[in-house]
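Below: the structure, in structure tokens.
Protein chains: 2
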Amino acid sequence: MLAGLLNGKAISPQQPAIHIDDRGLLYGDGVFETMLLRAGRVRFIDDHLHRLQQGCERLKMSPPVIGQLREELQQLVQQHRDGIVKLILTRGRGGRGYRAVAGDATRLWQLFAPVASVGGGVSLRWCDTRLARNQALAGIKHLNRLEQVLAQSEWDDATINEGLMLDTESELISGTMGNVFLVLENVLVTPDLRFCGVHGVMRKNILRFAAALELPCEERAVRPEELHAASEVFITNAVRGIQPVTRLLPSILNGQQWTVGETTLRLIAKLNECHQENHAS
Amino acid sequence: MLAGLLNGKAISPQQPAIHIDDRGLLYGDGVFETMLLRAGRVRFIDDHLHRLQQGCERLKMSPPVIGQLREELQQLVQQHRDGIVKLILTRGRGGRGYRAVAGDATRLWQLFAPVASVGGGVSLRWCDTRLARNQALAGIKHLNRLEQVLAQSEWDDATINEGLMLDTESELISGTMGNVFLVLENVLVTPDLRFCGVHGVMRKNILRFAAALELPCEERAVRPEELHAASEVFITNAVRGIQPVTRLLPSILNGQQWTVGETTLRLIAKLNECHQENHAS
Chain A
33 MLAGLLNGKA ISPQQPAIHI DDRGLLYGDG VFETMLLRAG RVRFIDDHLH
83 RLQQGCERLK MSPPVIGQLR EELQQLVQQH RDGIVKLILT RGRGGRGYRA
133 VAGDATRLWQ LFAPVASVGG GVSLRWCDTR LARNQALAGI KHLNRLEQVL
183 AQSEWDDATI NEGLMLDTES ELISGTMGNV FLVLENVLVT PDLRFCGVHG
233 VMRKNILRFA AALELPCEER AVRPEELHAA SEVFITNAVR GIQPVTRLLP
283 SILNGQQWTV GETTLRLIAK LNECHQENHA S
Chain B
33 MLAGLLNGKA ISPQQPAIHI DDRGLLYGDG VFETMLLRAG RVRFIDDHLH
83 RLQQGCERLK MSPPVIGQLR EELQQLVQQH RDGIVKLILT RGRGGRGYRA
133 VAGDATRLWQ LFAPVASVGG GVSLRWCDTR LARNQALAGI KHLNRLEQVL
183 AQSEWDDATI NEGLMLDTES ELISGTMGNV FLVLENVLVT PDLRFCGVHG
233 VMRKNILRFA AALELPCEER AVRPEELHAA SEVFITNAVR GIQPVTRLLP
283 SILNGQQWTV GETTLRLIAK LNECHQENHA S
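Protein sequences appear in the order of chains A and B. Each residue of the first sequence is one higher than the one before, starting from 33 at the first, in the numbering used here. Each residue of the second sequence is one higher than the one before, starting from 33 at the first, in the numbering used here.
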């Protein structure tokens, strides 16, 4: 960790900082955002703050004070140009019992060193761990993440970059840490996340780019076998951007492979363009 | 809080004690137990420790060192005779990312003052919030508890003691903080929890008592409408024991009511007897 801030005050990683009655610890009662700091700016900050607001609303938490969060973010990154910014917002401290009492949220900011990007394409596998369906929690980037933890524990082969997850009704939903897009007969397709999954900030922007590029696009239920029919596959997340998928391992189809296709390349170009616009403004 | 212990060291509630990279906070990555301390003994301690072990195994956490936990429990309660003991066991500290790295678990013990018992029967309501189905997490008392938090946020009428929850396929599962039992044509029935819910320590003991009393008993899928056909209803939890349900409010059936029936009374007597045996031994 390069820097940390708890409720506006600087903290170090070695210093215990969270109270034992914080509801984030007790129940996973909160939301989080993971963002890319690049050349002194946080990419898609408005989208991240918007999703945070929506998550708070859905979980009936007090609305975050956006101006305060923007100030704290400035304070966090002031001496840094690049990195990964993580914000955890919990419902705050509370006694024993699930019932939430009105109180101040806990605002925990952390800045980490940038990650090295995976060159070329990434390799995927299927996870056995399923995502449960619950419309009350679908789409929210909340702190109840045991399904993702269990899914990632399924493999330790470093050549596999990400695992794909189905829900309990065997629909394809997402990766463990990002959303998934397929190109099927020249249509860009991504799971609609009506029952589970996270509404990714990068996913939202891909859909916006696709509209701008007039690419036909569908958000809908996706069956896992459709992956094998896809001409292009990529995964997205706010930090790593668009990652073309080139391999599915170990595959029942003996190691399915994809090349990085035109749709993927056009969307990557659009994402890069969007960066340049940001930095020219 | 009357006393607290973190990884064997005494802590106070006012002192920040948890690191910001504890996986309990980051992902709800851990399990917990809530136990009754009465007359200097923790009720069903062996069952609690057994469930904790099973939860760790299911979540692929390191197995807890039971001897160490028993020693810490003695240390926690040494100056107290009665109260509620809560143990949170997280996967410990870890960096950014869902992937678990082998490390020491975080052991957080807290002792709270005893709760006043609800005299007579308790009143229930139905919750709108559903429990998601995921066999990978079913039965475990893990820290991903947003569904219970949302369910309890649905009412603030202090005359309602507990809310009943259905799963996403409309099976009756449990209360927000305890299991549920019905008596249907002289058979004791409780949901089988194959897809969700928590395998309660009190539930387990009720099933044991029922066997000892030769009460016919079924663990099976339960439809919500069966509640209305039940001659007796009670809810159970490790701290509050057996709570007879006398009212369902607000009811589409105009406030259904139950009296405290013979099966419930026999099980309560058996639970009390079991206490006396414990203290005579």
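Note that CB positions come from ideal geometry on N, CA and C, so glycine has one too.
What are the partner residues of asparagine 269 of chain B, as DSSP defines its beta bridges? B/Gly273
Between the alpha carbons of threonine 200 of chain B and isoleucine 192 of chain A, how many angstroms are there, rounded? 33 Å
Check whether the Cβ of phenylalanine 213 of chain A lies closer than 9 Å to any Cβ atom in chain B. no
Quick one: grab the DSSP three-state call for tyrosine 211 of chain A. Note on residue identity: the sequence assigns asparagine, not tyrosine, to residue 211 of chain A. Note: asparagine 211 of chain A maps to strand in three-state DSSP.
Using beta carbons (cut-off 9 Å, strictly below), is serine 173 of chain B in contact with chain A? Serine is not the amino acid found at residue 173 of chain B; the sequence shown has lysine there. Not one chain A Cβ lies under 9 Å of lysine 173 of chain B.
Would you say the stretch 111-129 of chain B touches the stretch 38-48 of chain B, given that touching needs at least three Cβ pairs under 8 Å? no
Count the other CB atoms within 10 Å of the CB of proline 276 of chain A; is the residue buried (16 or more) or exposed (fewer)? buried
Please report the residue range of the alpha helix (DSSP H) in which leucine 259 of chain A lies. 258-261
C-beta neighbour in chain B for serine 206 of chain A, strict 9 Å: no
Give the residues of chain B in contact with proline 48 of chain A, contact being defined as C-beta atoms less than 7 Å apart. Pro48, Ala49, Ile50, His51
How about tyrosine 130 of chain A and alanine 183 of chain B: do their beta carbons lie closer than 9 Å? yes
Taking 8 Å as the cut-off, does the stretch 259-278 of chain B touch the stretch 208-221 of chain B (at least 3 CB pairs, one atom from each stretch)? yes
Three or more C-beta pairs closer than 8 Å, one from the stretch 225-235 of chain A and one from the stretch 158-174 of chain A: is that the case here? yes
Check whether the Cβ of arginine 298 of chain A lies closer than 9 Å to any Cβ atom in chain B. no
Does the Cβ-Cβ distance between glycine 207 of chain A and leucine 108 of chain A come in under 9 Å? no
On a Cα-Cα basis, can you pick out the residue from B/Trp290, B/Gln288, B/Phe227, B/Leu34 that is closest to arginine 162 of chain B? B/Phe227
State the beta-bridge partners of phenylalanine 64 of chain B as determined by DSSP. B/Ile120
Does DSSP put glutamine 85 of chain B in a helix, a strand or coil? helix
Tell me whether serine 313 of chain A sits in a helix, a strand or coil according to DSSP, three-state version. Low confidence applies here, because serine 313 of chain A scores a pLDDT of 48, under 50, leaving its location unreliable and the question unanswered by this model.
What does a CB cutoff of less than 8 Å around glycine 60 of chain A pick up in its chain, not counting 5 residues either side in sequence? His174, Leu175, Asn176, Arg177
Kindly list the residues whose CB is nearer than 7 Å to the CB of glutamine 7 of chain A, restricted to its own chain and excluding five residues on each side of it in sequence; keep chain order. This structure leaves residue 7 of chain A out entirely; chain A is present only between 33 and 313.
Establish whether the CB of glycine 273 of chain A and some CB of chain B are separated by less than 9 Å. no
Between the stretch 163-190 of chain B and chain E, which residues of the former have a C-beta closer than 9 Å to a C-beta of the latter? The displayed structure is made up of protein chains A and B, and chain E is not among them.
Would you report the Cα separation of leucine 247 of chain B and serine 149 of chain B, rounded to the nearest angstrom? 26 Å
Can you grab the Cα-Cα spacing for the pair isoleucine 274 of chain B / leucine 91 of chain B, in whole Å? 29 Å
Beta bridge counterpart(s) of arginine 75 of chain A as assigned by DSSP: DSSP output for arginine 75 of chain A lists no bridge partner at all.
Between the C-alpha atoms of alanine 164 of chain A and glutamate 309 of chain B, what's the straight-line distance to the nearest angstrom? 43 Å
For a cutoff of 9 Å on Cβ pairs, would you count arginine 55 of chain B as touching chain A? yes
Contact under 9 Å by Cβ, phenylalanine 241 of chain A with leucine 303 of chain A: yes
If we define contact as Cβ-Cβ less than 9 Å, is glycine 60 of chain A a contact residue for chain B? yes
Expected contact under 8 Å - CB spacing of arginine 113 of chain B and alanine 71 of chain B to nearest Å: 6 Å
Would you say alanine 301 of chain B faces chain A, with C-beta separation under 9 Å as the test? no
Residues in its own chain within less than 6 Å of valine 265 of chain A by CB, not counting five upstream and five downstream? Leu214, Val277, Trp290
In the structure shown, what three-state DSSP assignment does leucine 156 of chain B receive? strand
Please state whether the Cβ-Cβ distance between leucine 281 of chain A and aspartate 189 of chain A is less than 9 Å. yes
What residue from A/Glu103, A/Cys306, A/Arg125 has the CA that sits closest to isoleucine 238 of chain A's CA? A/Cys306
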